[in-house]
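Worksheet for the structure shown next.
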Amino acid sequence: MNLGFVGLGSMGHGIASNLVRAGHRVKGFNRTRSKADELEKELEGFRAVGSPAEAARGSDVVFSMLADDAAVEATFLSSEGAAIAGLAPGAVHVSMSTISPAMSTKLETAHRKAGHGYVAAPVLGRPDAAEKAQLVVLAAGAPESIARVKPLLDVVGRKVHVLGDEPKKANVVKLGVNFVLAVMLETLGEAIAMNEEHGIDAKTYLDIANSLLGSKVLEAYGTMIAEDRFRPAGFKVRLGLKDVQLALEAAESVDVPMPLGSVLRDRFIATIAEGKGDLDWSAVARTLPRPNANARARKPQ
Ligand SMILES: NC(=O)c1ccc[n+]([C@@H]2O[C@H](COP(=O)([O-])OP(=O)(O)OC[C@H]3O[C@@H](n4cnc5c(N)ncnc54)[C@H](OP(=O)(O)O)[C@@H]3O)[C@@H](O)[C@H]2O)c1
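Going left to right, the sequence shown walks through residues 11 to 311 as our numbering numbers them.
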């Protein structure tokens with residue numbers, strides 16, 4: 011198929027590469043052009059283009075994997091050269107970014123008016139999973155659009171969950187999963203801090219905690235926290251704050267209180283205030299008041 015791809019960041023790079031490797035011709039746009047140019051050098055079958063509209067023009071399906079609502083608005087709806095202007099009637103937009111349910115519905119409406127299909131397809135999994143086509147895809151949209159893009163989603167993921175014909179539902183599920191991950195980071199940070207202040211190192215605590223609470227997520231993030239290893243960022247703190255805020259908004263819109271969400275929001279803001287916005291989001295677990303540790307660090311040895 012002829013495909014377009016908008017947003018070649020940490021996640022978009024792997025997803026677009028896998029579509030090319032599966033034999034599709036992909037035209038890609040990225041705001042920072044060099045990332046698209048590099049991919050063109052790496053992969054025969056990928057062509058870098060100068061605007062989202064160019065990526066969409068002549069494409070059967072255009073994918074987006076962008077940071078947030080503002081990036082989607084700028085590249086698909088409101089700028090000169092927006093993708094919606096280049097997409098032909100009958101083509102489909104697959105939106106993989108973690109965006110608000112409201113933005114997903116706005117895209118659905120705009121595409122319907124233009125005669126396009128629209129599928130929300132946010133993903134679970136980090137950039138390494140994207141490179142290895144091991145993502146879990148949460149897809150929702152009109153059945154005919156889903157049927158059309160399902161073979162492409164199978165190329166980029168190990169599992170595709172179809173959540174019905176209302177696109178925003180896929181975005182809500184994605185926010186719900188990331189909310190629990192963020193809560194796990196906060197609780198790990200609190201428990202590790204308590205243990206360390208009592209002289210028990212993080213690794214010892216984690217080995218024991220994992221024997222009962224063990225999950226791949228806890229193990230992977232626990233190790234990063236214990237080793238203070240937050241670079242390179244798989245998923246940036248800034249994007250984590252965006253997801254917590256989106257979860258709070260989505261919950262508020264249906265009168266569901268999310269008290270832990272408010273705690274998380276402040277923890278993420280405090281982490282960014284410490285200059286850690288571009289570190290991996292597991293760095294939030296190390297942004298706790300540690301009066302004793304700080305006092306020890308200040309004490310001359
Ligand atoms: N990383 C993960 O583990 C992960 C997992 C699941 C879902 N997600 C979601 O996937 C999406 C992408 O995440 P990522 O980790 O790939 O982030 P990233 O590496 O920061 O990439 C973000 C992409 O959005 C583009 N962008 C940002 N603001 C823009 C704007 N105003 N106009 C046009 N383009 C803009 C960036 O362009 P530039 O290159 O010019 O900055 C880049 O292509 C996010 O919604 C994130 O929440 C991430």
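Idealized CB from N, CA, C, for every residue including glycine.
The structure displayed is predicted, hence computed values, not measured ones.
Nearest-angstrom Cβ-Cβ length linking Ala66 and Ala58, presumed shorter than 8 Å: Working through the sequence shown from its first residue, we reach residue 66 at position 56. Working through the sequence shown from its first residue, we reach residue 58 at position 48. The Cβ separation is near 14 Å, so there is no contact.
Thinking C-beta only, is Ser89 closer than 9 Å to Tyr128? Within the sequence shown, numbered from 1, the residue matching residue 128 stands at position 118. Within the sequence shown, numbered from 1, the residue matching residue 89 stands at position 79. Taking a C-beta distance under 9 Å as the contact criterion, Tyr128 and Ser89 do not qualify as a contact pair.
Considering only residues of the same chain and omitting the five flanking positions on each side of Asn40, which have a CB-CB separation below 7 Å? Taking the sequence shown and counting its residues from 1, one reaches residue 40 at position 30. Around Asn40: Gly17, Leu18 and Ala46.
Exposure label - Arg296; buried when at least 16 CB within 10 Å: By one-based count along the sequence shown, residue 296 stands at place 286. Around the beta carbon of Arg296, 16 or more other beta carbons sit within 10 angstroms, so the residue counts as buried.
In this structure, how does DSSP classify Val247 when only helix, strand and coil are distinguished? If you number the sequence shown from 1, residue 247 lands on position 237. Val247 carries a helical assignment under DSSP once its states are collapsed to helix, strand and coil.
If you follow the beta strand (DSSP E) that Asn40 is in, where does it begin and where does it stop? Taking the sequence shown and counting its residues from 1, the one referred to as residue 40 is at position 30. First-last for Asn40: undefined, no H or E at that position.
Can you tell me the Cα-Cα spacing of Pro177 and Lys246, whole angstroms? As a position in the sequence shown, residue 177 is number 167, starting the count at 1. As a position in the sequence shown, residue 246 is number 236, starting the count at 1. Going from the Cα of Pro177 to the Cα of Lys246 covers about 25 Å.
Quick one: does the C-beta of Asn40 sit closer than 8 Å to a heavy atom of ligand 1? Here residue 40 refers to the residue found at position 30 of the sequence shown. Yes, the Cβ of Asn40 comes within 8 Å of a heavy atom of ligand 1.
Let me check you understand the geometry: is the CB of Thr108 closer than 8 Å to at least one non-hydrogen atom of ligand 1? On the sequence shown, position 98 is the one that residue 108 refers to. In this structure, Thr108 has its beta carbon less than 8 Å from a heavy atom of ligand 1.
Classify Leu222 as buried or exposed, calling it buried when 16 or more other Cβ atoms lie within 10 Å of its own Cβ. For the purposes of this step, residue 222 is taken as the residue at position 212 of the sequence shown. By the neighbour-count definition (other C-beta atoms within 10 Å, threshold 16), Leu222 is an exposed residue.
Rounded straight-line distance, which links the Cα of Asp79 to that of Lys116: As a first step, residue 116 is located in the sequence shown; it is residue number 106 there, counting from the start. As a first step, residue 79 is located in the sequence shown; it is residue number 69 there, counting from the start. Rounded to the nearest whole angstrom, the CA to CA distance from Lys116 to Asp79 is 10 Å.
Pro137 versus Glu64: straight-line alpha-carbon distance, rounded: Here residue 137 is taken as the residue at index 127 of the sequence shown, counted from 1. Here residue 64 is taken as the residue at index 54 of the sequence shown, counted from 1. Answer to the nearest angstrom: the Cα atoms are 26 Å apart.
For the region 249-257 against the region 184-196, do three or more pairs of beta-carbon atoms, one drawn from each stretch, fall closer than 8 Å, so that the two count as touching? The region 249-257 vs the region 184-196: in contact.
When burial is assigned at 16 or more other CB atoms within 10 Å of the CB, is Asn302 buried or exposed? Within the sequence shown, the letter at position 292 stands for residue 302. So Asn302 ends up on the exposed side.
Quick check: His34 and Leu162, are their CB atoms within less than 9 Å of each other? The count along the sequence shown starts at 1 and reaches residue 34 at position 24. The count along the sequence shown starts at 1 and reaches residue 162 at position 152. Contact: yes.
Take Ala130 as the anchor and find which of Ile25, Ala150 and Glu206 has the nearest alpha-carbon. Here residue 130 refers to the residue found at position 120 when the sequence shown is read from its first residue. Of Ile25, Ala150 and Glu206, the residue nearest in Cα terms is Ala150.
Short of 6 Å in beta carbon distance, which residues of its chain neighbour Met234, apart from the five on each side in sequence? Order them along the chain. Counted from its first residue, the sequence shown places residue 234 at position 224. Around Met234: Ser292.
Can you pull the DSSP bridge partners for Val102? By 1-based counting over the sequence shown, the position of residue 102 is 92. Val71 and Gly127, per the DSSP bridge assignment.
Where does Gln311 sit, in a helix, a strand or coil, going by DSSP? Stepping through the sequence shown from its first residue, residue 311 is reached at position 301. In this predicted model, Gln311 has a pLDDT of only 33, less than 50, meaning its place in the structure is not dependable; the value taken from the coordinates is given anyway. Reduced to three states, the DSSP call for Gln311 is coil.
In this structure, how does DSSP classify Arg136 when only helix, strand and coil are distinguished? The residue given as residue 136 occupies position 126 in the sequence shown. In this structure, Arg136 counts as coil in the three-state DSSP scheme.
May I have a chain-ordered list of the beta strand (DSSP E) segments no shorter than 3 residues that lie completely inside the region 135-201? For secondary structure counted as the beta strand (DSSP E) over 3 or more consecutive residues, the region 135-201 holds these complete runs in sequence order: 145-151 and 167-172.
Cβ-based neighbour list, Lys179, same chain, cut-off 6 Å, excluding 5 preceding and 5 following: For the purposes of this step, residue 179 is identified with residue 169 of the sequence shown, where counting begins at 1. Counting only Cβ-Cβ distances below 6 Å, and skipping sequence neighbours, we find Ala150 and Leu173.
I need the boundaries of the beta strand (DSSP E) containing Gly91, first residue and last residue. Position 81 of the sequence shown, counted from the first residue, corresponds to residue 91. Here Gly91 belongs to no beta strand (DSSP E), and DSSP marks it neither H nor E.
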